[in-house]
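So for the sequence shown, my numbering puts the first residue at 1; every next one is plus one. We put the CB at the ideal spot given by N, CA and C, even for glycine. To keep things clear, I will list the structure first and then write my remarks on it.
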Amino acid sequence: MIKKTSPSDNDFDIPAKNCCRMVILGSTKVGKTAIVSRFLNGRFDEEQYTPTIEDFHRKLYSIKGDVYQLDILDTSGNHPFPAMRRLSILTGDVFILVFSIDNRDSFQEVQRLKQQIVETKSCLKNKTKEKIDVPLVICGNKGDREFYREVQNEEIEQLVAGDEHCAYFEISAKRNTNVDQMFQTLFTMAKLPNEMSPDLHRKVSVQYCDMLRSKSLKNKNKKNNGDAYGVVAPLARRPSVHSDLMYIKEKAIGGQGKDKERCTIS
């Protein structure tokens, strides 16, 4: 008998509205991967820096009887393939833009990225004739390096002013300062449960996937149940470029029906 070590698409029936892709963008060495590590594992890795090419993670939740899937795309700060970054933006549902408060160039990159997200999503909006709101959080990381600050608060306020779908948090992934609050705000803007934030659910290992599923089925009609569980899928693979392109095509031609599933476990 072979013991299952990860959930399959037969284990969970996740409606498309409960699936979300979070895309993290920013320059190199600003702490994007450290933020992801805090979110998934509650750890900060102080080992030697290794540049990220592109990392994909998946987390599954059981919250008040419903199952949710969060895909996380940790992108390269070098963006050697502009078309791939554009595809990441087109398929993203919520965004985290990261700069380091002690690096002005990284803040200027976030300014460019915010504009690119608006322009790229607007192209899709023009094709679908839908109102597309993009929940977005800008993170000024390395708050523990205040003494070396190069980006002033007035500049940051100007960047987020007047945008109700954009929030700013000054965080420190190293000290775990304001990280949970940042995620709570992002999920609130995206109309997702606050319990998806790292400090508001019980973290379980992959061996408990069956429990995650049974809890969800048992409590499916008990919306007042307060239980919230989360598990990191260890063998998750990034959907293929072809899958992403087909998704964008369906969105562009209006083929994405309300009940159409785009949530997959792989």
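Considering only C-alpha positions, which residue in the set the options is nearest to residue i?
| i | options | result |
| --- | --- | --- |
| Gln176 | Cys19, Thr120, Gly42 and Met246 | One point to set straight first is that residue 176 is Asn, not Gln, in the sequence displayed. Cα-wise, what sits closest to Asn176 is Gly42. |
| Met182 | Arg238, Val36, Arg21 and Met84 | Val36 |
| Ile156 | Ser76, Pro239, Asp71 and Leu97 | Leu97 |
| Asp133 | Gly140, Cys139 and Glu119 | Glu119 |
| Tyr61 | Glu250, Cys19 and Ser76 | Cys19 |
| Gln69 | Arg112, Glu164, Met246 and Pro193 | Pro193 |
| Val204 | Lys59, Ile248 and Pro15 | Lys59 |
| Leu136 | Glu154, Tyr148, Gln158 and Glu164 | Glu164 |
| Tyr303 | Ser100, Gln158 and Phe187 | Because the chain spans 1 through 266 in this model, residue 303 falls outside it and cannot be assessed. |
Per DSSP, what kind of secondary structure is residue i in: helix, strand or coil?
| i | result |
| --- | --- |
| Ser172 | strand |
| Gln69 | strand |
| Gly31 | coil |
| Cys20 | strand |
| Arg202 | strand |
| Ser100 | strand |
| Asp180 | helix |
| Asn224 | Residue placement at Asn224 cannot be trusted, given a pLDDT of 49 that sits under 50; the coordinates are not used to answer. |
| Asp74 | strand |
| Leu25 | strand |
| Phe187 | helix |
| Phe95 | strand |
Quick one: using the 10 Å Cβ neighbour count with 16 as the cut-off for buried, is residue i buried or exposed?
| i | result |
| --- | --- |
| Ala161 | exposed |
| Glu170 | buried |
| His57 | buried |
| Glu195 | buried |
| Cys166 | buried |
| Asp45 | exposed |
Hey, could you find the ends of the alpha helix (DSSP H) residue i is sitting in?
| i | result |
| --- | --- |
| Leu90 | Pro82 to Thr91 |
State the start and end residues of the unbroken beta strand (DSSP E) segment that holds residue i.
| i | result |
| --- | --- |
| Leu60 | Glu54 to Ile63 |
Contained alpha helix (DSSP H) runs [length at least 4] in the stretch 109-162, N- to C-terminal order
153-160
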